[in-house]
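Here the sequence shown stands for residues -26 to -1, 1 to 216, numbered as in mature numbering (1 follows the signal peptide of the UniProt record, and there is no 0).
Backbone N, C-alpha and C fix where the C-beta goes; we use that ideal spot for every residue, glycine too.
One structure is given here, and the rest of the page talks about it.
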Amino acid sequence: MLDIPFPPFCAFLGSLGLLCVALVSAWCQHWRGGFSLDGGSRTFNWHPVLMVTGLVVLYGAAALVYRLPNTWSGPKLPWKLLHGGLALGAFVLTVLGLAAVFRFHNSNGTPNMYSLHSWMGLGTVLLFSCQWAAGFGTFLLPWAPAWLRQLYKPIHVFFGSTILMLSVASCVSGINEKLFFSLKNGTTQYKLLPAEAVFANTLGILILLFGVLVVGALARPSWKRPDSDSLDSRQPLLSAER
Ligand code: HEM
């Protein structure tokens, strides 16, 4: 593997994440009519923007906090707060993104939860919620015993990557579904590959690339905190003030 340090790679990933947010916003603004809160299709447009921003980009940023060399020494409290805070921000945007699509469906009499995308998406959000609650209870609150933190840490790490890949899969299936729903007439049929399809397909590939690079960065041994399995790193937030 290329021997590059984490910070420039992180800057590249940050730019890629921002590009994904910019492209999904541009797609909804330019081709899908923009944004509103009236319950119509412009309310739906918040859904892809908030899901990509929350459950992919912010979530990916939260996952990578402990790969920053600055987190390896000094007080851990600010980094734990940053990790949990970014994940909480991702959760808030996710809930708002789901509210947008449910409001759109309910205002238009469209049934809820019929598609593979919706089942996978909601399953991902439920897993993410459990992950956040279990992480909060185990690593943040003082009463979880050390053996429980030790037992749970590899599970938390495994589901961290799994949830990100499920989020990416949900986004890709959602983009695909939206293109099939929207591009059906005349010269804009999906199979004729109009400009919107090229744009949104590219967005899907970039989201996939972002997810793969984050999971790759998480798995790379030389970017892991050297003492990541030490007892110290398993201390609860409220007693790890060093
Ligand atoms: C992590 C990301 C995502 C999650 C967790 C997610 C989750 C969901 C859920 C639970 C629904 C069902 C809402 C209902 O039944 O009322 C839904 C609907 C929908 N989503 Fe997403 N979504 C995600 C990203 C996207 C993206 C990026 C798009 C791109 C446009 C998209 C397009 C759609 C569409 C078209 C629907 C309506 C049709 C349907 O119910 O399948 N989603 N999404």
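- In this structure, the straight-line span from the alpha carbon of V142 to that of I181 is close to 7 Å.
- Close CB contacts of L24 within its chain, under the 6 Å cut and outside five residues either way in sequence, are with L67, L70, G71 (chain order).
- The Cβ atoms of C(-7) and V39 lie no closer than 8 Å to each other.
- N159 has its alpha-carbon roughly 44 Å from the corresponding atom of G59.
- Taking C-beta atoms under 8 Å as the contact rule, I137 and T98 qualify, at a distance of about 6 Å.
- Taking C-beta atoms as the reference points, S135 and L192 count as a pair closer than 8 Å.
- Only residues of its own chain outside the window of five on either side were considered, and among them C2, R6, F9 have a CB closer than 6 Å to the CB of N19, listed in chain order.
- If you ignore the 5 residues before and after P(-20), its C-beta comes within less than 8 Å of the C-beta of L42, P43, all in its own chain and listed in chain order.
- Judged by DSSP secondary structure, W53 falls within the alpha helix (DSSP H) whose first and last residues are 51 to 81.
- In terms of Cβ geometry, A174 and L140 do not form a close pair [threshold 8 Å].
- Taking the Cβ of C104 as the reference point, every heavy atom of ligand 1 lies at 7 Å or farther away.
- CA-CA distance, L183 to P116, rounds to 38 Å.
- Shown here, L100 sits in a helix according to DSSP, grouped into three states.
- Beyond the five residues adjoining it in sequence on each side, N86 comes within less than 8 Å, by CB distance, of F76, H79, N80, S92 in the same chain, given in chain order.
- Within its own chain, the residues whose Cβ lies closer than 8 Å to the Cβ of G109, once the five positions on either side in sequence are excluded, are G58, A61, H130, listed in chain order.
- Around the beta carbon of P22, a 10 Å sphere encloses 16 or more other beta carbons of the protein chains shown; the residue is thus reported as buried.
- Between A64 and A36, the gap from beta carbon to beta carbon is short of 8 Å.
- Cβ neighbours of L(-11) within its own chain (closer than 6 Å, five residues either side excluded): F184.
- In this chain, A118 is not harboured by any alpha helix (DSSP H), its DSSP state being neither H nor E.
- Short note on M139: C-beta not closer than 7 Å to any heavy atom of ligand 1.
- Relative to the Cα of C145, the nearest Cα in the group E170, V172, G28, G(-13) belongs to G28.
- If you draw a straight line from the Cα of R199 to the Cα of R123, it is about 17 Å long.
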